[in-house]
Amino acid sequence: AGSLLTVANLAVEEVAAILAATDRLERMAAPERAKILAGRRIALLFYESSTRTRTSFELAAKSLGAMTTLVSDKSSSIEKGESLKDTGLTLRALGAECIVLRHANSGAPYLLAKSTGLPVLNAGDGMHEHPSQALLDLRTMLTRLPGMSGRLINGKTLGGVTVVITGDILHSRVARSNAMLLPRLGARVVLCGPKELLPEDALGLGGADSSGAVEIERDFDKALKQTASNGTMVVMMLRIQRERLAGLELDLGDYISRYQLDEERLMARAPEALVMHPGPMIRGLEISGEVADGPNSAIEDQVRNGLAVRMALLVRALGAGGFESVTV
Ligand code: CP
Numbered sequence: 011a012g013s014l015l016t017v018a019n020l021a022v023e024e025v026a027a028i029l030a031a032t033d034r035l036e037r038m039a040a041p042e043r044a045k046i047l048a049g050r051r052i053a054l055l056f057y058e059s060s061t062r063t064r065t066s067f068e069l070a071a072k073s074l075g076a077m078t079t080l081v082s083d084k085s086s087s088i089e090k091g092e093s094l095k096d097t098g099l100t101l102r103a104l105g106a107e108c109i110v111l112r113h114a115n116s117g118a119p120y121l122l123a124k125s126t127g128l129p130v131l132n133a134g135d136g137m138h139e140h141p142s143q144a145l146l147d148l149r150t151m152l153t154r155l156p157g158m159s160g161r162l163i164n165g166k167t168l169g170g171v172t173v174v175i176t177g178d179i180l181h182s183r184v185a186r187s188n189a190m191l192l193p194r195l196g197a198r199v200v201l202c203g204p205k206e207l208l209p210e211d212a213l214g215l216g217g218a219d220s221s222g223a224v225e226i227e228r229d230f231d232k233a234l235k236q237t238a239s240n241g242t243m244v245v246m247m248l249r250i251q252r253e254r255l256a257g258l259e260l261d262l263g264d265y266i267s268r269y270q271l272d273e274e275r276l277m278a279r280a281p282e283a284l285v286m287h288p289g290p291m292i293r294g295l296e297i298s299g300e301v302a303d304g305p306n307s308a309i310e311d312q313v314r315n316g317l318a319v320r321m322a323l324l325v326r327a328l329g330a331g332g333f334e335s336v337t338v
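So in the UniProt record's numbering, the last spot in the sequence shown is 338, and the numbers never skip.
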């Protein structure tokens with residue numbers, strides 16, 4: 011209980027409760043908020059690099075009054091060969107009550123939760139999932155898209171919204187978590203990219219999934235134009251994950267000409283679209299600096315929402331007060 015390993019089993023009511031707790035915690039005065047997890051111990055266990063996820067979980071924990079400790083694979087006994095299970099048991103013996111885990115292997119958070127019995131928050135596991143990212147992305151849409159109240163009302167709240175996720179879908183845990191979560195809230199998800207980065211059924215969700223809510227469109231210009239003329243639109247750009255390409259040949263010049271979101275493409279095809287990127291972004295590759303810094307961009311909002319949502323996830327993980335259920 012309290013773990014967040016995947017979005018697959020999160021009911022709409024539970025998503026709504028996380029977002030409602032996020033709102034409450036964000037509005038709270040800092041001294042009051044700092045009492046909620048005062049004296050509690052949270053371990054941040056990172057086997058892969060991270061800026062946003064690690065820092066926001068750490069700041070979230072500290073703003074709730076918790077103590078944090080960071081264990082990284084680069085400067086711990088993991089380098090000497092200590093297993094994930096033994097590392098987790100060691101952290102538990104030192105008093106950790108919750109572990110935030112980023113790991114290169116899909117499924118590692120499940121193993122850690124099982125072997126320690128502690129609540130585990132999946133901070134990204136290999137090419138599998140990044141559930142807290144999907145939740146912060148959702149909050150960003152609810153607060154930035156026109157006509158949204160900032161709240162999750164029910165499973166149709168994102169009705170009429172199309173989210174075009176573009177780029178390295180194959181290696182993207184962000185794409186997988188979003189593609190599982192957003193259709194359940196009424197959104198249409200279009201995956202866009204070349205065959206190398208978006209084979210049929212890249213996410214193992216059954217390709218154009220049974221509900222028809224996840225589609226593939228390889229032509230980025232077409233995806234932008236058709237969607238923009240059809241309602242509210244989000245373009246979520248993804249980084250090419252060079253560290254996971256392993257022998258896969260990609261012509262970057264060709265990729266940029268077909269898939270880079272630059273000012274000209276955005277203004278010509280979808281001038282009203284909300285632009286998102288989970289980061290880290292490579293300016294000049296998947297996205298131009300002008301678009302990243304422009305008025306359509308919600309990239310910094312995503313980062314801020316990461317801190318807010320992760321406060322709620324920590325409160326939920328530790329069973330602290332103030333996390334009420336929500337009926338939708
Ligand atoms: N979005 C995201 O996971 O960024 P980091 O790798 O910097 O944590």
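Ideal placement from N, C-alpha and C gives every residue a C-beta, glycine not left out. On a predicted model such as this, the values are computed, not experimentally measured, just so you know.
Outcome for residue i when other beta-carbon atoms lying within 10 angstroms are tallied against a minimum of 16
i	result
Met277	exposed
Ser87	exposed
Ile52	buried
Pro41	exposed
Ile109	buried
Ile179	buried
Ala308	buried
Ala133	buried
Ser220	With a pLDDT of only 43 at Ser220, under 50, the local geometry of the prediction cannot be trusted, and the value read off the model is given with reservation. Burial call: exposed.
Arg293	exposed
Asp147	buried
Gly203	buried
Gly12	buried
Arg150	Contrary to the premise, residue 150 reads as Thr rather than Arg in this sequence. Looking at its Cβ environment, which holds 16 or more other Cβ atoms inside 10 Å, Thr150 is buried.
Glu68	buried
Pro141	buried
Asp303	exposed
Thr63	buried
Asp211	exposed
Asn164	exposed
Reduced DSSP category for residue i - H, G, I as helix; E, B as strand; rest coil
i	result
Gly134	strand
Ala53	strand
Met321	helix
Ile28	helix
residue 3	Summary: the structure shown does not reach residue 3, with the chain confined to residues 11 through 338, and so no result is reported for it.
Leu80	strand
Arg102	helix
Ile226	strand
Ile88	helix
Ala218	Residue placement at Ala218 is poorly supported in this model, since its pLDDT is 45, which falls under 50; the coordinates still yield a value, given next. Correct three-state label for Ala218: coil.
Pro307	The sequence given here places Ser at residue 307; Pro does not occur at that position. Ser307 falls in the strand class under three-state DSSP.
Leu162	coil
Met151	helix
8 Å CB neighbourhood of residue i in its chain, flanking five on each side removed
i	result
Ser298	Gln270, Leu271, Asp272 and Glu273
Thr97	Leu55, Val81, Ser86, Ser87 and Ile88
Gln251	Asp178, His181 and Ser182
Ser66	Val313, Gly316, Leu317 and Arg320
Leu145	Val17, Val25, Ile28, Leu29, Leu191, Val319 and Leu323
Glu225	Arg198, Val199, Val200, Leu201 and Ala218
Leu99	Ser125 and Thr126
7 Å Cβ shell around residue i - same chain, five flanking residues per side excluded
i	result
Ser116	Asp135, Gly136, Met137 and His138
Glu206	Leu258 and Leu260
Arg43	Leu35, Ser73 and Leu74
Lys166	Gly196
Asp18	Reading the sequence as shown, one finds Ala at residue 18 and not Asp. Closer than 7 Å at Cβ, skipping near neighbours: Met190.
Ala123	Ser13, Leu15 and Val130
Cutoff 6 Å; reference residue i; Cβ partners in own chain excluding five residues on either side
i	result
Thr32	Ala318, Val319 and Ala322
Leu213	Arg186 and Ala189
Lys95	Ser125
Gly160	Leu152 and Thr153
Ala106	Arg51 and Ala53
Glu58	Arg112 and Ala114
Within-8 Å CB hit, residue i to chain C
i	result
Gly289	Note that chain C does not occur in the displayed structure, where there is just one protein chain.
Problem set entry | Touching by the beta-carbon criterion (3+ pairs, under 8 Å), the stretch 120-132 and the stretch 146-157 | The stretch 120-132 is not in contact with the stretch 146-157.
Exercise. For ligand 1, which residues count as neighbours when the test is a C-beta closer than 7 Å to any heavy atom?
Worked result: Counting every residue whose Cβ lies closer than 7 Å to a heavy atom of ligand 1, we get Ser59, Ser60, Thr61, Arg62, Thr63, Arg64, Gly134, His140, Gln143, Val184, Pro288, Gly289 and Pro290.
For this session: Pair every Cβ in the stretch 184-192 with every Cβ in the stretch 136-151, then say whether three or more of these pairs are closer than 8 Å.
Result: Touching, yes.
Exercise. Is there contact between the stretch 228-244 and the stretch 159-178, where contact requires at least three CB pairs shorter than 8 Å?
Worked result: Cβ pair count under 8 Å is three or more, so yes.
Exercise. Is the stretch 319-331 in contact with the stretch 277-289, if contact means three or more CB pairs nearer than 8 Å?
Worked result: The stretch 319-331, when compared against the stretch 277-289, does not touch it at the 8 Å Cβ threshold.
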